[in-house]
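For reference, the structure is listed below as structure tokens.
Protein chains: 2
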Amino acid sequence: MSAPGPSAPGPSAPGLRERKKQRTRDALVRVALELFTTQGYERTTVDEIVEAVEVSQRTFFRYFASKEEVAFAVQRMVEEEFVRALTARPPGEGPFDAMRNAVLAAWDGVGDAIDEVVPVDLYLRTFFMIESTPALLAVHLRRSSELEETIARVVARREGLDVDADPRPRIAVAAFSGVMRVTGQMWGKGPDRTLEGIRALTEWYLDHLGPALSLHWREPLPRR
Amino acid sequence: MSAPGPSAPGPSAPGLRERKKQRTRDALVRVALELFTTQGYERTTVDEIVEAVEVSQRTFFRYFASKEEVAFAVQRMVEEEFVRALTARPPGEGPFDAMRNAVLAAWDGVGDAIDEVVPVDLYLRTFFMIESTPALLAVHLRRSSELEETIARVVARREGLDVDADPRPRIAVAAFSGVMRVTGQMWGKGPDRTLEGIRALTEWYLDHLGPALSLHWREPLPRR
DNA sequence: AGGCTAGTGACAGTCACTGACAATTGACAA
DNA sequence: TTGTCAATTGTCAGTGACTGTCACTAGCCT
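Going line by line, the protein sequences match chains A and B. Per my numbering: the first sequence = residues 3 to 226. Per my numbering: the second sequence = residues 3 to 226.
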């Protein structure tokens with residue numbers, strides 16, 4: 003896993019083997035997303051992808067557990083960025099404000115990181131493709147709900163609550179995520195399909211839920 | 003589709019052909035759910051199902067577009083019951099109360115209807131299986147989000163709003179559905195895996211969101 | 001230089017799913 | 001009752017995603 007070579011190769015020199023792997027992986031992602039967004043997900047076969055990258059099909063499935071997974075490679079980066087941003091929010095912020103600010107910070111921060119793998123433009127087209135491909139939308143929603151669990155635990159820790167005893171963290175996160183999901187859908191349908199567009203839409207939609215949910219927190223749980 | 007026979011066969015006599023089809027379909031659902039819940043979804047092949055029902059695989063795929071779809075046959079009935087219940091709520095009720103009462107009414111009303119196809123016990127085990135099978139969970143969430151769109155439109159009509167101009171119906175429904183989803187997950191993890199259990203849990207969880215969301219409605223939209 | 005091992009390719013096989021066509025069987029009229 | 005029509009079903013062949021196996025190639029380490 004770690005254990006760098008003898009002459010202390012910094013974090014930027016992971017050895018030839020590692021770099022080769024990274025290049026293959028990135029190439030697979032780039033080619034796959036390019037094909038998906040131009041021809042459509044269903045009409046693109048794994049064989050097409052591996053042919054363009056010149057690896058065997060077996061190799062593709064060593065990097066990605068499924069054809070679906072490769073479509074979410076970039077998505078994953080954004081999610082990780084969001085969780086990082088949320089964890090870094092000042093403890094004074096209420097849970098809703100923290101989530102809201104973390105989302106906005108994530109939208110601001112990932113632009114550059116994404117570019118190292120695929121052009122931002124391709125990322126946005128991928129986002130749109132996921133929303134409009136039933137099979138991928140399903141996976142996207144499952145991934146989102148897994149992310150919700152992570153977020154709920156972060157929020158609970160911030161508030162000093164136990165996720166399993168107190169339903170409020172999960173409920174707040176579920177409501178918040180629901181709004182985020184609607185935002186994504188509306189963005190996909192709307193005309194302004196840019197990074198700024200989704201950022202603005204996020205703020206605009208969250209403004210309608212925020213005030214309602216930030217009340218009554220940190221009080222004892224009412225008896226059932 | 004319609005056009006009943008000459009001697010006016012009532013709704014209880016749809017002809018031999020129709021009845022045969024219905025029996026085949028029900029048998030496929032029953033056998034499939036039984037196998038899914040005992041062996042697991044992934045470990046059950048379509049061939050096993052059609053073998054037990056003694057039809058060809060091709061016939062299975064004429065009734066269900068996919069192996070996944072058969073797992074949601076009963077789920078669909080519950081959803082339809084919910085939409086019916088929601089539409090039937092008195093106009094005086096606020097959107098949140100209407101949704102809440104419709105869910106509870108649906109839980110009360112479907113028990114009998116389900117029993118005509120599969121035992122309620124099998125339905126509950128199916129619900130649990132869906133929640134714990136990643137591939138099915140994904141589909142379940144997509145179906146839920148489609149249902150959300152339907153609900154949002156019903157809610158909007160009740161309130162005399164335009165879903166595309168006013169974000170509040172979709173947001174309220176998204177938040178509500180988020181809570182319902184968490185409820186389902188918690189029910190699956192909890193010990194009380196009965197119809198009463200999920201009903202009680204539904205009430206208990208919704209109580210935490212209701213007051214917060216039922217405020218400030220039917221007022222003009224604040225300027226952006 | 002040579003052994004070790006991670007990574008890859010080639011191959012065979014399973015399973016979900018589809019199109020095409022032939023066989024069967026209710027439905028309905030003569 | 002019987003013949004015709006149309007709906008339903010079965011058979012067959014094929015595609016595409018995905019997996020296990022095994023031999024082989026190429027970085028890595030001594």
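Backbone N, C-alpha and C fix where the C-beta goes; we use that ideal spot for every residue, glycine too. Keep in mind it's a predicted model, so treat the numbers as computed, not measured.
Alpha-carbon spacing of residue i relative to residue j, whole angstroms
i         : j         : result
LEU88(B)  : GLY96(B)  : 11 Å
ASP110(A) : MET79(B)  : 44 Å
LYS69(A)  : PRO16(B)  : 44 Å
GLY190(A) : ALA34(B)  : 36 Å
ALA167(A) : GLU148(A) : 19 Å
GLU20(A)  : PHE74(A)  : 22 Å
ARG91(A)  : PHE98(A)  : 11 Å
TYR43(A)  : GLU50(A)  : 12 Å
HIS210(B) : ALA100(B) : 16 Å
ALA54(A)  : SER134(B) : 37 Å
Contact under 8 Å by Cβ, residue i with residue j
i         : j         : result
VAL181(B) : ARG172(B) : no
THR61(A)  : VAL48(A)  : no
PHE38(B)  : MET131(B) : yes
THR204(A) : VAL105(A) : yes
ARG183(A) : ALA176(B) : yes
VAL120(A) : ARG32(A)  : yes
GLU83(B)  : VAL122(B) : no
VAL141(A) : ILE116(A) : no
Residue-level contact to chain A via CB, residue i, 8 Å cutoff
i         : result
GLY94(B)  : no
GLU221(B) : A caution first: GLU221(B) carries a pLDDT of 45, below 50, which makes its placement in the model too unreliable to give a value.
PRO171(B) : no
ARG25(B)  : no
SER68(B)  : no
LEU88(B)  : no
VAL76(B)  : no
PRO136(B) : yes
SER58(B)  : no
VAL141(B) : yes
ARG195(B) : no
ARG144(B) : yes
C-beta neighbour in chain B for residue i, strict 8 Å
i         : result
ALA176(A) : yes
TYR207(A) : yes
GLY162(A) : no
VAL181(A) : yes
ARG91(A)  : no
VAL184(A) : yes
ARG102(A) : no
HIS210(A) : yes
ARG21(A)  : no
Where residue i falls, given that 16 or more other Cβ within 10 Å makes a residue buried
i         : result
ARG234(A) : Here chain A comprises residues numbered 3 to 226, so residue 234(A) is not present and cannot be evaluated.
LEU18(B)  : exposed
THR128(A) : buried
SER58(B)  : exposed
THR40(A)  : exposed
THR46(B)  : buried
TRP206(B) : exposed
GLY186(B) : buried
LYS22(A)  : exposed
ARG160(B) : buried
GLU81(A)  : buried
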